[in-house]
Amino acid sequence: MLDLSAVRQQFPAFAERYEGAPAVFFDNPGGTQVHASVVKAMADYLTRCNANTHGVFATSRLSDARIDAARAAAADLLGATAEEIVFGNNMTSLTFMLSRSLAAEFGPEDEIVVTRLDHDANVWPWVMMAEDTGARVRWAEVDLESCTLDMAHLQSLINERTRLVAVGYASNAVGTLNDVRTIIGWAKAAGAYSFIDAVQYAPHGLIDVQALDCDFLACSAYKFFGPHVGLLYGKRAHLERLRAYRVRPAGDELPGKWETGTKNHEGIVGTAAAIDYLASLGATYGTASPTAPRRVRLAAAWEVIGAHESQLLDRLITGLKAIPKVRIYGITDRADWHRRMATVSIRKEGLTPSELASVLASQNIFVWNGNFYAVSISNQLGVEQSGGMVRIGLAHYNTLAEVDRSLAVIDRA
Ligand SMILES: Cc1ncc(COP(=O)(O)O)c(C=O)c1O
Numbered sequence: 036m037l038d039l040s041a042v043r044q045q046f047p048a049f050a051e052r053y054e055g056a057p058a059v060f061f062d063n064p065g066g067t068q069v070h071a072s073v074v075k076a077m078a079d080y081l082t083r084c085n086a087n088t089h090g091v092f093a094t095s096r097l098s099d100a101r102i103d104a105a106r107a108a109a110a111d112l113l114g115a116t117a118e119e120i121v122f123g124n125n126m127t128s129l130t131f132m133l134s135r136s137l138a139a140e141f142g143p144e145d146e147i148v149v150t151r152l153d154h155d156a157n158v159w160p161w162v163m164m165a166e167d168t169g170a171r172v173r174w175a176e177v178d179l180e181s182c183t184l185d186m187a188h189l190q191s192l193i194n195e196r197t198r199l200v201a202v203g204y205a206s207n208a209v210g211t212l213n214d215v216r217t218i219i220g221w222a223k224a225a226g227a228y229s230f231i232d233a234v235q236y237a238p239h240g241l242i243d244v245q246a247l248d249c250d251f252l253a254c255s256a257y258k259f260f261g262p263h264v265g266l267l268y269g270k271r272a273h274l275e276r277l278r279a280y281r282v283r284p285a286g287d288e289l290p291g292k293w294e295t296g297t298k299n300h301e302g303i304v305g306t307a308a309a310i311d312y313l314a315s316l317g318a319t320y321g322t323a324s325p326t327a328p329r330r331v332r333l334a335a336a337w338e339v340i341g342a343h344e345s346q347l348l349d350r351l352i353t354g355l356k357a358i359p360k361v362r363i364y365g366i367t368d369r370a371d372w373h374r375r376m377a378t379v380s381i382r383k384e385g386l387t388p389s390e391l392a393s394v395l396a397s398q399n400i401f402v403w404n405g406n407f408y409a410v411s412i413s414n415q416l417g418v419e420q421s422g423g424m425v426r427i428g429l430a431h432y433n434t435l436a437e438v439d440r441s442l443a444v445i446d447r448a
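Basically my numbering = 1-based index in the sequence shown + 35.
This is the structure we're talking about:
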């Protein structure tokens with residue numbers, strides 16, 4: 036079990052007062068709060084190591100060492116090797132960068148599969164790549180009752196012309212967990228690349244790119260308690276073979292070849308601190324020994340986090356179901372809760388999503404409203420024209436008491 040009071044003390048934001056009162060952070064799918072060790076690591080980097088890389092002097096050597104260490108941490112987070120980790124600005128920029136390189140291999144005979152459940156960032160880089168190359172885009176539909184991917188439809192779209200299947204690990208809009216392992220298997224069998232958007236899954240569960248056998252996977256550290264940095268995993272053979280658009284400072288070795296221009300050194304160092312914080316949960320509250328390898332501690336951490344988030348999800352959905360006039364989008368059946376995360380979008384009859392989010396904000400409960408850039412599913416659900424949904428997005432540092440307080444406000448609203 037997590038000791039939530041100890042955990043929350045490690046996040047400076049919980050000590051802040053907003054208009055005189057503490058906040059309930061349920062805006063986590065839009066970005067999580069930052070662990071104190073992240074702030075410290077970034078300040079320490081900027082204070083003591085600040086330099087460009089690959090010099091012979093102390094600050095440059097320190098920079099190289101910190102970035103190498105961060106890459107090893109990111110590799111542990113994803114189950115990859117350090118050379119397969121590319122740091123960038125954010126998931127969207129990294130995806131565009133990769134799409135530019137992949138485009139060289141695509142032509143009018145080829146097909147790309149995207150889904151109507153995904154965030155724009157895992158749709159439009161591929162649609163634009165299709166526009167540039169003449170490739171055809173196939174859209175996988177969603178079962179709107181459960182907000183899950185229509186797997187039979189998705190499978191039917193994959194054939195010998197399919198060259199890429201781009202799918203999200205988890206939906207940022209309605210919390211659905213996708214069976215990415217099966218989808219990656221289908222892509223592989225057809226000889227297509229698989230690209231997994233793990234931005235929303237990364238703060239909630241263990242990612243294992245080896246076990247998934249995906250070709251590419253991207254996520255963002257600001258969604259898992261770190262700073263604004265994006266991470267891209269690519270299979271080594273692809274990263275080696277594909278042409279990266281770069282200039283000389285990037286070199287031609289992995290992974291530097293994909294990291295054009297000067298990196299966000301302090302952000303990368305902060306990302307490592309976030310990963311080490313997560314690993315520490317596995318040793319403090321989970322089954323891992325403090326001396327176990329970081330990947331082992333991370334695996335133990337996700338078990339502890341998962342158990343706590345299940346409790347939160349149970350309380351939230353059970354409570355929402357009991358409130359008249361509230362509609363929950365996506366999976367609500369307890370038997371299927373393993374197929375969703377504690378990201379729950381709702382509407383309340385009589386209030387626009389903006390009004391409901393404002394009522395919650397007036398009580399310092401921070402939630403997002405709108406389509407969360409998962410525009411296709413918002414359209415399909417028929418809520419796009421009337422303000423979208425209100426998204427309650429929980430993270431491991433949230434408490435049952437916070438959920439109860441929010442339920443009471445939603446009930447009264
Ligand atoms: C599922 C999903 N994919 C991609 C993104 C874009 O990530 P980034 O801001 O790192 O570009 C987001 C951002 O919210 C997201 O939720």
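Even glycine gets a Cβ: it sits at the ideal position worked out from N, Cα and C.
The structure presented is a predicted model; accordingly, all values stated were derived computationally and were not measured.
> If you drop the 5 nearest sequence neighbours on each side, which residues of the same chain put their C-beta closer than 8 angstroms to that of residue 461?
Replying inline: Any property of residue 461 remains undetermined from this structure, which presents the chain solely from 36 to 448.
> Are at least three pairs of beta-carbons, each pair with one atom in the segment 328–346 and one in the segment 170–186, less than 8 angstroms apart?
Replying inline: no
>> By the DSSP assignment, the beta strand (DSSP E) with residue 13 in it spans what residues?
In response: Because the chain is modelled from 36 through 448, residue 13 falls outside the range shown and cannot be assessed.
> Among residues of its own chain, excluding the 5 on either side of residue 216, which ones have a beta-carbon nearer than 7 angstroms to its beta-carbon?
Replying inline: 247
> Can you check whether the CB of residue 381 is closer than 7 angstroms to the CB of residue 363?
Replying inline: yes
> For the segment 417–433 against the segment 157–168, are there 3 or more C-beta pairs whose distance is under 8 angstroms?
Replying inline: no
> Are residue 333 and residue 377 closer than 7 angstroms when you measure CB to CB?
Replying inline: no
> Hey, would you say the C-beta of residue 125 is under 6 angstroms away from at least one heavy atom of ligand 1?
Replying inline: yes
>> Using 8 angstroms for Cβ pairs, my map puts residue 8 next to residue 199. What's the rounded Cβ distance?
In response: The question about residue 8 has no answer here: the residues shown for the chain are numbered 36 through 448.
>> How far does the beta strand (DSSP E) with residue 168 in it extend, from its first residue to its last?
In response: It is not in any beta strand (DSSP E) - residue 168 instead sits in the alpha helix (DSSP H) that spans 159–168.
> Going by beta carbon distance, what residues of the same chain come within less than 8 angstroms of residue 97, once the five residues before and after it are set aside?
Replying inline: 83, 84 and 86
>> Assuming contact is defined by CB atoms lying nearer than 7 angstroms, are residue 335 and residue 325 in contact in what I supplied?
In response: no
>> Going by C-alpha to C-alpha distance, which of 228, 423, 282 and 404 sits closest to residue 61?
In response: 404
> CB-CB under 7 angstroms to residue 43, same chain, minus the five flanking residues each way: which ones, in chain order?
Replying inline: 49 and 432
> Where DSSP assigns a beta bridge to residue 383, which residues make up the other side?
Replying inline: 361
>> Rounding to the nearest angstrom, what Cα-Cα distance links residue 18 and residue 229 in this structure?
In response: Residue 18 is absent from the model: the chain starts at 36 and stops at 448.
> Between residue 287 and ligand 1, is the CB less than 6 angstroms from at least one heavy atom?
Replying inline: no
>> Beta-carbon within less than 6 angstroms of residue 244's beta-carbon, same chain only, minus the 5 sequence neighbours each way: which residues are those?
In response: 113, 114, 115, 252 and 268
>> What would DSSP say about residue 305, mapped onto helix, strand or coil?
In response: helix
>> Spatial neighbours of residue 448 within its chain, please: C-beta separation below 7 angstroms, excluding the five flanking residues on both sides.
In response: 383, 386, 391 and 394
> Would residue 328 be called buried (16 or more neighbouring beta carbons within 10 Å of its own) or exposed?
Replying inline: exposed
> Using CA coordinates, which residue listed in 263, 411, 274 and 345 is at the minimum distance from residue 309?
Replying inline: 263
>> At the level of alpha carbons, what is the spacing between residue 400 and residue 414?
In response: 26 angstroms
> Taking DSSP as the reference, what is the three-state secondary structure of residue 394?
Replying inline: helix
> Does DSSP put residue 424 in a helix, in a strand, or in coil?
Replying inline: strand
> Can you tell me the Cα-Cα spacing of residue 368 and residue 151, whole angstroms?
Replying inline: 22 angstroms
>> Measuring only the C-alpha atoms, how far is residue 65 from residue 271?
In response: 30 angstroms
> Using the C-alpha atoms, what's the distance from residue 170 back to residue 142?
Replying inline: 5 angstroms
> Going along the chain, which residues of its own chain have a beta-carbon closer than 8 angstroms to the beta-carbon of residue 311, five neighbours each way excluded?
Replying inline: 72, 108 and 329
> Looking only at DSSP bridge pairs, what is residue 146 linked to?
Replying inline: 171 and 197
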